[in-house]
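Asks: Encoded as structure tokens, here's the structure I'll be asking about.
Number of protein chains: 2
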Amino acid sequence: MKISSIAFQEMAQRERACFINCLSGFKSANLVGTYSQKWDVTNLSVISSCFHLGADPALMGLIIRPHSTDRHTLEYILETGEYTINHVNQAIMHKAHQTSARYPREQSEFEQTGLTPHFEAGHRAPFVQESSIRLGLKLREHLPLKINQTELIIGELTMVFAPLECLSKDGSLHIEKAGSLCVSGLDRYHQTKQLARLSYAKPDRELEDIEDQF
Amino acid sequence: MKISSIAFQEMAQRERACFINCLSGFKSANLVGTYSQKWDVTNLSVISSCFHLGADPALMGLIIRPHSTDRHTLEYILETGEYTINHVNQAIMHKAHQTSARYPREQSEFEQTGLTPHFEAGHRAPFVQESSIRLGLKLREHLPLKINQTELIIGELTMVFAPLECLSKDGSLHIEKAGSLCVSGLDRYHQTKQLARLSYAKPDRELEDIEDQF
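Chains U and Z, in that order, give the protein sequences. Under my numbering, the first residue of the first sequence is numbered 1, with each subsequent residue one higher. Under my numbering, the first residue of the second sequence is numbered 215, with each subsequent residue one higher.
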């Protein structure tokens, strides 16, 4: 393939947004579940900006754009301090994408898309029953990023639900085996095929493939 | 699949790190290229923490852990204010992973792994010639995150190089067609298979599959 310079600075706004959103690479595909006590409503929002921030404490970051359809998500996370993150799989891909429509506050995306809220003792935000990997988080930090008016939400994991058959003996979770998908750009959903699991790299030593033991 | 609660709080440190790293979902697989004028060396580091932050200005975030093997990367980004991000593909997967070994400063990961530095006029940091999607960035913000001593690096895109045959008419870049991979956890590399490209979601309207036009 011939590699060319692409003058994104000259693209129209919508085209540019499509383009730039693809450049960081593949992204996680998650549904963020929230609950508002004030309005007594649940909210569900597909999000591709969730990222790993640290293992101890177990932290995750989430970027929320200003004026986006995620505005209820941000509002309810700040109100209750709790939210869930649920992996998207192929069976719920269309429903997950549909949560990005701009529903009014009183219409829960759970009802509108046909996904099932699932509650766990000790956590007020709803999990997604159709999701195989479900995380409960509590808000730890809210950092507005002045550079472009996005909001960085940092949460700490309090609960994890996953299929035990996907948990390797060394602690690694085989999320492909659990059916999790990834996203690229604004609207592409992809399944994955693992090519290799590679050993811890050291200078002057050949990498080896790691065989999973479940 | 039966979904179980997993008591990650009771895992040993290494097992827990393996586990928590898998939970955010699939991650981008990139090589970060840097150059130090002070030491006159290049550096290359595989990184799965690169994420989209905004389209206008075109911003990307990068999380660097303290005391990680990426320490030269952070040092040189702060010194020169410039770096590159290069997508990992299957042909360079092993070499990319090998850059995570702890090489001394004077041994460039380019030489040690056999990847080829490629320079573009107007940018001091090296690109990876074997990569199909290559981005040039300049440092815009450096935010140490007090919560866990990681560092958030925010960069603005100044240059993009990609195969024109992967650029859709609406601006979207088909990164799967370009051969880009994704990562899960600390050491799993995956290729992708696109399931669908879905239309912009609106309430009370059915989603449609978008056909790409190249």
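For every residue, glycine included, the Cβ atom is placed at its ideal position computed from N, Cα and C. Just so we're clear, the structure is a prediction, and the values are computed from it rather than from any experiment.
So U/Glu15 contacts chain Z; which residues on that side make the cut at Cβ distance below 8 Å?
Replies: Residues of chain Z passing the Cβ test: Asp384 and Gly385.
Asks: Pull out every residue of the region 397-415 of chain Z whose Cβ sits closer than 9 Å to any Cβ of chain U, in chain order.
Replies: Going along the region 397-415 of chain Z in chain order, one finds Val397, Ser398, Gly399, Leu400, Asp401, Arg402, Tyr403, His404, Gln405, Thr406, Lys407, Gln408, Leu409, Ala410, Arg411, Leu412, Ser413, Tyr414 and Ala415 with a Cβ nearer than 9 Å to chain U.
Asks: Since Z/Lys407 sits in a beta bridge, which residues does DSSP pair it with?
Replies: U/Gln191
Asks: Who are the neighbours of U/Ile92 on chain Z, taking C-beta pairs under 9 Å?
Replies: In chain order: nothing, as chain Z lies at least about 12 Å away.
Asks: Flag U/Ala96 as yes if its beta-carbon sits less than 7 Å from any beta-carbon of chain Z, otherwise no.
Replies: Among the CB atoms of chain Z, none fall inside 7 Å of the CB of U/Ala96.
Asks: Which runs of the beta strand (DSSP E) spanning at least 3 residues fall entirely within the region 341-374 of chain Z, listed in chain order?
Replies: 348-359
Asks: Taking 8 Å as the cut-off, does the region 260-280 of chain Z touch the region 7-24 of chain U (at least 3 CB pairs, one atom from each stretch)?
Replies: Yes: at least three Cβ pairs fall under 8 Å.
Asks: For Z/Tyr297, name the three-state secondary structure that DSSP assigns.
Replies: strand
Asks: Would you check if there are 3 or more beta carbon pairs closer than 8 Å linking the region 335-353 of chain Z to the region 295-305 of chain Z?
Replies: Cβ pair count under 8 Å is three or more, so yes.
Asks: To the nearest angstrom, how far is it from the Cα of U/Met1 to the Cα of Z/Gly247?
Replies: Approximately 21 Å between the Cα atoms of the pair.
Asks: Under 7 Å between C-beta atoms, does U/Val160 make it to chain Z?
Replies: yes
Asks: Would you decide whether U/Glu19 is buried or exposed? Buried here means 16 or more other CB atoms lie within 10 Å of its CB.
Replies: Before going further, note that residue 19 of chain U is Phe rather than Glu in the sequence given. Looking at its Cβ environment, which holds 16 or more other Cβ atoms inside 10 Å, U/Phe19 is buried.
Asks: Please give me, in chain order, every unbroken run of the alpha helix (DSSP H) with length at least 4 that falls completely inside the region 263-298 of chain Z.
Replies: Look at the region 263-298 of chain Z and you find these whole runs of alpha helix (DSSP H), each 4 residues long or longer: 285-294.
Asks: What is the DSSP secondary structure of Z/Cys380, counted as helix, strand or coil?
Replies: helix
Asks: What's the C-alpha gap between Z/Gly369 and U/Asn148?
Replies: 12 Å
Asks: Could you check whether the Cβ of Z/Glu425 sits closer than 7 Å to any Cβ belonging to chain U?
Replies: no
Asks: Spatial neighbours of U/Glu208 within its chain, please: C-beta separation below 6 Å, excluding the five flanking residues on both sides.
Replies: Result list for U/Glu208: Ser199, in chain order.
Asks: Could you work out which residue in U/Ile175, U/Met159, U/Val160 and U/Thr158 is closest to U/Cys166 when comparing CA atoms only?
Replies: U/Ile175
Asks: At least one CB of chain Z closer than 7 Å to the CB of U/His52: is that the case?
Replies: yes
Asks: At the 7 Å Cβ level, is U/Ala121 part of the contact set with chain Z, yes or no?
Replies: no
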